[in-house]
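Here is the structure we will look at.
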């Protein structure tokens, strides 16, 4: 800062009026910011501070000039991490033009220039597209907003970004355009058919509209996809949907044969889904969930059906490779907890208690990657009552064999 200017500031502070002093202080800060951005033009924090100063002063033309100078400092490297701070200059600029300057055409021009600067072949910023579209909606130009979001999907879909789809669907949902939402979901799922969350939201949309058949059809298409990112979440959503439908039928809020099918028990669809899922996986949580449905959910068959499922699950897990001991323990504990949750006169703890295993501490040799013995380690194993009979029988056979051998050696 020039020495003469510093002396002028000192003089104003001593002898100037209040307005004069404030003007001098602002001028001093402005000069400091000018020196800072001149030394480091890509220091966007310095530009933000400078802009805040001019906005506080209320001079629209001067503020706009600083914004224009700031956005001219384009990051030299086409990497998104270097652009994030820079893009917020554009965001603030657009909001300034719309809310403070109240210049609609200038705001639109800012959005267009920002989108022209971004290297969309390398990356994009969904936030800018969405803000631009919402701005057009506020101007009551829905056609322009849709055009913007369509461009966003075209540019961002190539980069594997899903957020433009979500935002566009959300916008159409707010506008009440259900058919457009369906079309967008169709395109969305054509682009990323593995996205279970998207399938679930599509089905939830149809369900919220009371379109049970459409929602069920969406779930059916989804679960039959060859590859899914989170199939367990999708199956859970489908099963929860059918449980809600069974509850609605029981409460008289829906028809059992609304699709022209033969009427059956309200929970039949849920059972069918569980059985289809168990054909694909024997995970213990699926068995427990199935049994819990039968025990307490609307449309369930009661505790006796739940116990039958627990027995079937135990046998199925036992037949798997390795016997799946840990999973069987979890299953039996879930069975026991479910029994305890029933009224005391309906509890049948005897069967599951007899099936509970003993926890044993054992030792085994640890082998290194080179095949060398590393020493002994302790571990816990489970001994199930239905598996303890086999060793006894083998012991009897072994003793019989030894007796026969001794007898043969003793004969002349």
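Residue numbers (my numbering): 32 to 443. The beta carbon of each residue, even a glycine, is placed where N, CA and C say it ideally should be. Quantities reported herein were computed from a predicted structural model and do not represent experimental measurements.
Could you pull out every residue in the same chain whose Cβ sits closer than 6 Å to the Cβ of residue i, ignoring the five residues on either side in sequence?
{"i": "residue 161", "result": "198"}
{"i": "residue 337", "result": "322, 325, 326"}
{"i": "residue 382", "result": "none"}
{"i": "residue 459", "result": "Nothing can be reported for residue 459: it is not among the residues displayed for the chain, which extend from 32 to 443."}
{"i": "residue 245", "result": "237"}
{"i": "residue 180", "result": "164, 199"}
{"i": "residue 444", "result": "As displayed, the chain neither begins before 32 nor continues past 443, which places residue 444 out of reach and without an answer."}
{"i": "residue 389", "result": "414"}
Tell me the residue span of the beta strand (DSSP E) that contains residue i.
{"i": "residue 414", "result": "404-414"}
I need the DSSP call for residue i, collapsed to helix, strand or coil.
{"i": "residue 190", "result": "coil"}
{"i": "residue 397", "result": "strand"}
{"i": "residue 155", "result": "coil"}
{"i": "residue 323", "result": "helix"}
{"i": "residue 357", "result": "helix"}
{"i": "residue 149", "result": "coil"}
{"i": "residue 240", "result": "coil"}
{"i": "residue 195", "result": "helix"}
{"i": "residue 328", "result": "coil"}
{"i": "residue 262", "result": "helix"}
{"i": "residue 134", "result": "coil"}
{"i": "residue 171", "result": "coil"}
{"i": "residue 71", "result": "coil"}
{"i": "residue 105", "result": "coil"}
Specify, as a first and last residue, the run of the alpha helix (DSSP H) that residue i falls within.
{"i": "residue 247", "result": "243-254"}
{"i": "residue 339", "result": "334-350"}
{"i": "residue 282", "result": "Premise fails: residue 282 is in no alpha helix (DSSP H) and is neither H nor E."}
{"i": "residue 102", "result": "91-102"}
{"i": "residue 209", "result": "209-222"}
{"i": "residue 82", "result": "75-88"}
{"i": "residue 127", "result": "Where residue 127 is concerned, there is no enclosing alpha helix (DSSP H), given that its DSSP letter is neither H nor E."}
{"i": "residue 306", "result": "299-311"}
{"i": "residue 382", "result": "380-386"}
Give me whichever residues DSSP pairs with residue i in a beta bridge.
{"i": "residue 391", "result": "412"}
Between residue i and the rest of its own chain, which residues show a CB-CB distance below 7 Å, the 5 nearest in sequence each way excluded?
{"i": "residue 190", "result": "154, 155"}
{"i": "residue 318", "result": "340, 344, 362"}
{"i": "residue 292", "result": "Note on residue 292: pLDDT 49, under 50, position unreliable in the model; the coordinate value appears next. The answer is none, since no qualifying residue turns up."}
{"i": "residue 385", "result": "416"}
Between residue i and the rest of its own chain, which residues show a CB-CB distance below 8 Å, the 5 nearest in sequence each way excluded?
{"i": "residue 277", "result": "297, 298, 300, 301, 328, 329, 330"}
{"i": "residue 406", "result": "396, 397"}
{"i": "residue 84", "result": "57, 60, 61, 64"}
{"i": "residue 71", "result": "77"}
Under 8 Å, with one C-beta from each stretch per pair, do the stretch 332-347 and the stretch 363-378 reach the 3-pair mark? yes
Given 8 Å as the limit, is there contact between the stretch 98-117 and the stretch 157-171, that is, 3 or more CB pairs closer than that? No: fewer than three Cβ pairs fall under 8 Å.
Is it a yes or a no for the stretch 257-272 touching the stretch 215-228, going by three-plus beta-carbon pairs under 8 Å? Judged by Cβ distances under 8 Å, the stretch 257-272 makes contact with the stretch 215-228, as three or more pairs qualify.
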